[in-house]
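Each residue of the sequence shown is one higher than the one before, counting from 8 in our numbering. Beta carbons: idealized from backbone N, C-alpha and C, even for Gly. All remarks here apply to the structure that follows.
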Amino acid sequence: MSTETDSIDILLSLVPKITPRDRKVLNDLYDHQVLTTHHLHQLHFAGRAVRTVNQRLRQLRSYELIAPFRPYAHAGTSPNHWVVDRLGVQWLAAQRNTALAELDYQADHRMRVALDYQLGHVLGLADTFVAFTLAARRTRSASLECWYSERESARRWGRHIRPDAYLQWDQDQAELHAFVEYDTGTEPLTKVARKMKGYTNLATESGLASIVLFAVHSDQRAEHLMDKLAQAPSAQLRMVGAYVSTHEQLHKRGPERAVWRVPGEPSGQRLSLVDIARRHPRKEQGQDEGE
Numbered sequence: 008m009s010t011e012t013d014s015i016d017i018l019l020s021l022v023p024k025i026t027p028r029d030r031k032v033l034n035d036l037y038d039h040q041v042l043t044t045h046h047l048h049q050l051h052f053a054g055r056a057v058r059t060v061n062q063r064l065r066q067l068r069s070y071e072l073i074a075p076f077r078p079y080a081h082a083g084t085s086p087n088h089w090v091v092d093r094l095g096v097q098w099l100a101a102q103r104n105t106a107l108a109e110l111d112y113q114a115d116h117r118m119r120v121a122l123d124y125q126l127g128h129v130l131g132l133a134d135t136f137v138a139f140t141l142a143a144r145r146t147r148s149a150s151l152e153c154w155y156s157e158r159e160s161a162r163r164w165g166r167h168i169r170p171d172a173y174l175q176w177d178q179d180q181a182e183l184h185a186f187v188e189y190d191t192g193t194e195p196l197t198k199v200a201r202k203m204k205g206y207t208n209l210a211t212e213s214g215l216a217s218i219v220l221f222a223v224h225s226d227q228r229a230e231h232l233m234d235k236l237a238q239a240p241s242a243q244l245r246m247v248g249a250y251v252s253t254h255e256q257l258h259k260r261g262p263e264r265a266v267w268r269v270p271g272e273p274s275g276q277r278l279s280l281v282d283i284a285r286r287h288p289r290k291e292q293g294q295d296e297g298e
């Protein structure tokens, strides 16, 4: 087993071999817990052949910076799912100038992720991050300025609410600071709707409205959630701006488009991200400063 000194020597030997793109790959794998080859291709190898992606990922694996696994598939085979490996976490600790223990890495990390019953939720949330990233690339005058992962969101706002993610979307001189709730349909809608109380508490403490984007797995689920959210107390509706779309809409049309519905308002009305931003001028927006 390598000693700490051995690990440092190995990492120092890798410094001239690790590209800025490799560093982004490592950071994304840590922040999102797990990403597939397809995710990484879309995020960091746009326009490159799949062969090129696989070659680079294999190289990073040979450095013990990342490691793959393949979950069970009902039909066919699963793609490689990648996580940060032992040396990768040590690299990130040095890069972020933080103690290794702060990154909460365990030797059986890959096995824990592979067997996590919430793997589907984690991957769906990664799909959503990719969808927003690609939307920003194809939308003139738009940018995805930040995306805080579930872990980082919990660190910042966990005393009130544990969002799945938090984002800042800038477009046409409008800024949208919003929380993301990714729903797989496994929780009762009453529990999903109860999250409004946590967002209300956060808004009350900060004096700023909480904007929440709910992404659900079906049109029927969206209809039912819209009904639940519309029944929220008027104080919650004033403090929390809730918007609902489906996974299909986010991926087929794109999250930047008019795919977001407003509980309690006409069913045909759908808003784009910039529409939502303009409904909530920056001075009234949420908690991007965090703690």
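{"Check": "Taking DSSP as the reference, what is the three-state secondary structure of Ser213?", "Outcome": "helix"}
{"Check": "Counting along the chain, where does the beta strand (DSSP E) carrying Ser148 start and finish?", "Outcome": "From DSSP, Ser148 is part of no beta strand (DSSP E); its letter is neither H nor E."}
{"Check": "Assess contact between the region 160-171 and the region 204-218, defined as three or more Cβ pairs (one per stretch) separated by less than 8 angstroms. Is contact present?", "Outcome": "yes"}
{"Check": "Run the CB neighbour count on Ile15, radius 10 Å, all protein chains shown included, and call it buried at 16 or more, exposed below.", "Outcome": "exposed"}
{"Check": "What residue range is occupied by the uninterrupted beta strand (DSSP E) comprising Val247?", "Outcome": "247-253"}
{"Check": "Any chance you could list the beta strand (DSSP E) runs of at least 3 consecutive residues sitting entirely within the region 115-176, in chain order?", "Outcome": "149-155"}
{"Check": "Take the Cβ of Arg119 as the centre, count every other Cβ of all protein chains shown within 10 Å, and call the residue buried at 16 or more, exposed below.", "Outcome": "exposed"}
{"Check": "Closest to Pro270 by C-alpha separation, out of Asp92, His88, Lys235, Gln40, would be which residue?", "Outcome": "Lys235"}
{"Check": "Taking the alpha-carbon positions, what's the Gly214 to Asp226 distance?", "Outcome": "33 angstroms"}
{"Check": "Does Ser252 pass the burial test, meaning 16 or more other C-beta atoms within 10 Å, or should it be called exposed?", "Outcome": "buried"}
{"Check": "Report the rounded CA-to-CA distance for Ala200 versus Arg277, giving the unit in angstroms.", "Outcome": "20 angstroms"}
{"Check": "Taking the alpha helix (DSSP H) that Trp98 falls in, what are its first and last residues?", "Outcome": "93-102"}
{"Check": "Below 8 angstroms between beta carbons: does that hold for Lys31 and His48?", "Outcome": "no"}
{"Check": "Please confirm whether His258 and His224 have their CB atoms less than 8 angstroms apart.", "Outcome": "no"}
{"Check": "Does the count of Cβ pairs from the region 231-246 and the region 115-129 closer than 8 angstroms reach three?", "Outcome": "no"}
{"Check": "Is it buried or exposed for Lys24, if we count other Cβ within 10 angstroms and need 16 for buried?", "Outcome": "exposed"}
{"Check": "What are the start and end residues of the beta strand (DSSP E) that includes Ala181?", "Outcome": "181-189"}
{"Check": "Starting from Ile283, trace the alpha helix (DSSP H) in both directions and tell me its first and last residue.", "Outcome": "280-286"}
{"Check": "At which residue ranges does the region 15-77 contain complete beta strand (DSSP E) runs of 3 or more residues, listed in the order of the chain?", "Outcome": "73-76"}
{"Check": "On the three-state DSSP scale, how would you describe Gln243?", "Outcome": "helix"}
{"Check": "How big is the Cα-Cα spacing for Gln180 and Leu110?", "Outcome": "36 angstroms"}
{"Check": "Measuring alpha carbon to alpha carbon, tell me which residue in Thr211, Gln62, Asp190 is nearest Val129.", "Outcome": "Asp190"}
{"Check": "Which two residues bound the contiguous alpha helix (DSSP H) that contains His231?", "Outcome": "226-237"}
{"Check": "Report yes if the C-beta distance between Thr146 and Glu263 is below 8 angstroms; otherwise report no.", "Outcome": "yes"}
{"Check": "Could you tell me if Glu114 is buried or exposed, where buried requires 16 or more neighbouring beta carbons within 10 angstroms of its beta carbon?", "Outcome": "First, the amino acid is wrong: residue 114 is Ala here, not Glu. Counting Cβ neighbours within 10 Å, Ala114 comes out exposed, since fewer than 16 surround it."}
{"Check": "Can you tell me which of Tyr250, Leu126, Ser156 puts its alpha carbon nearest to the alpha carbon of Pro273?", "Outcome": "Tyr250"}
{"Check": "Here's the rule: buried if 16 or more other CB atoms are within 10 angstroms of the residue's CB, otherwise exposed. What is Asp13?", "Outcome": "exposed"}
{"Check": "Taking the C-alpha atoms as reference points, what is the distance between Val187 and Ala222?", "Outcome": "8 angstroms"}
{"Check": "Return the Cβ separation of Ala138 and His39 in integer angstroms, given the expectation that the two are a contact with Cβ distance under 8 angstroms.", "Outcome": "That pair is no contact at about 13 angstroms."}
{"Check": "Put Val269 into one of helix, strand or coil per three-state DSSP.", "Outcome": "coil"}
{"Check": "Using the C-alpha atoms, what's the distance from Arg28 back to Gly54?", "Outcome": "14 angstroms"}
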